[in-house]
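Worksheet for the structure shown next.
Residue numbers (our numbering): 8 to 228.
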């Protein structure tokens with residue numbers, strides 16, 4: 008009887024070991040909440056966020072010609088840049104900032120646009136109504152996306168010990184692009200060139216996989 012019970016317990020343990028593991032829950036993405044959905048020029052709206060990368064520097068703007076899921080048409084040219092605010096994400100991945108309500112240079116629909124400047128490239132838009140500001144329908148998507156380089160191109164990587172023995176240094180070209188058009192850009196192709204001394208640059212095409220929505224940016228490497 009004792010052997011039977013031991014065998015039964017062992018079988019139960021083995022059976023538990025064969026059960027499929029529960030799928031790991033995906034970490035929630037960055038989120039933004041507003042203290043109010045509408046405000047007039049001269050007022051303030053408290054912008055709170057969670058799920059962001061600790062230590063990341065964020066930019067907060069009120070932008071026109073924009074809607075959540077569609078991005079900001081025209082990029083930051085459609086935003087009230089002089090009244091923007093910066094925020095640093097705390098150790099818990101959260102932040103809270105009072106943003107002055109300002110009229111953007113473009114008509115509403117408007118959003119509070121939160122985007123990473125350093126440490127994180129995510130962007131989140133929350134619908135916001137600027138009281139008394141003109142409103143015009145967003146243009147229909149026409150597929151005319153337009154990419155622009157937003158920051159200086161840099162080279163990442165180091166020479167390493169092997170370069171002492173004649174191996175070429177390993178470098179990676181990194182730059183940030185933004186979609187200033189009214190349509191998404193999918194799988195863009197870039198011409199990357201390098202030059203050595205007095206010789207003319209040699210270019211080759213490299214395709215980046217992904218979609219950049221209007222008003223959004225992406226880190227290309």
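Cβ coordinates follow ideal geometry from the N, Cα and C atoms, glycine included.
Between the CA atoms of residue 221 and residue 153 - distance to the nearest angstrom: Those two C-alpha atoms are separated by around 8 Å.
Which runs of the beta strand (DSSP E) fall wholly inside the region 81–166 and span at least 3 residues, in chain order? Every beta strand (DSSP E) of 3 residues or more that sits fully in the region 81–166 is shown, in chain order, as 92–95, 102–107, 117–125, 130–138, 154–156, 161–163.
To the nearest angstrom, how far is the alpha carbon of residue 85 from that of residue 72? C-alpha separation (whole angstroms): 7 Å.
Rounded C-alpha distance that separates residue 106 from residue 49: Their Cα atoms are separated by approximately 10 Å.
For the 8 Å Cβ check, are there 3 or more pairs between the region 192–199 and the region 87–94? Touching, no, given that fewer than three Cβ pairs across the two stretches are closer than 8 Å.
Considering Cα atoms alone, identify which of 144, 179, 228, 134 is closest to residue 52. Checking every option, the nearest Cα to that of residue 52 belongs to 134.
Can you give the Cα-Cα distance for residue 81 and residue 216, rounded to whole angstroms? Between the alpha carbons of residue 81 and residue 216 lies a distance of about 22 Å.
Three-state secondary structure (DSSP) of residue 74: In the three-state reduction of the DSSP assignment, residue 74 falls in the strand class.
Around the C-beta of residue 132, are 16 or more other C-beta atoms found within 10 angstroms, so that it is buried, or is it exposed? Burial call: buried.
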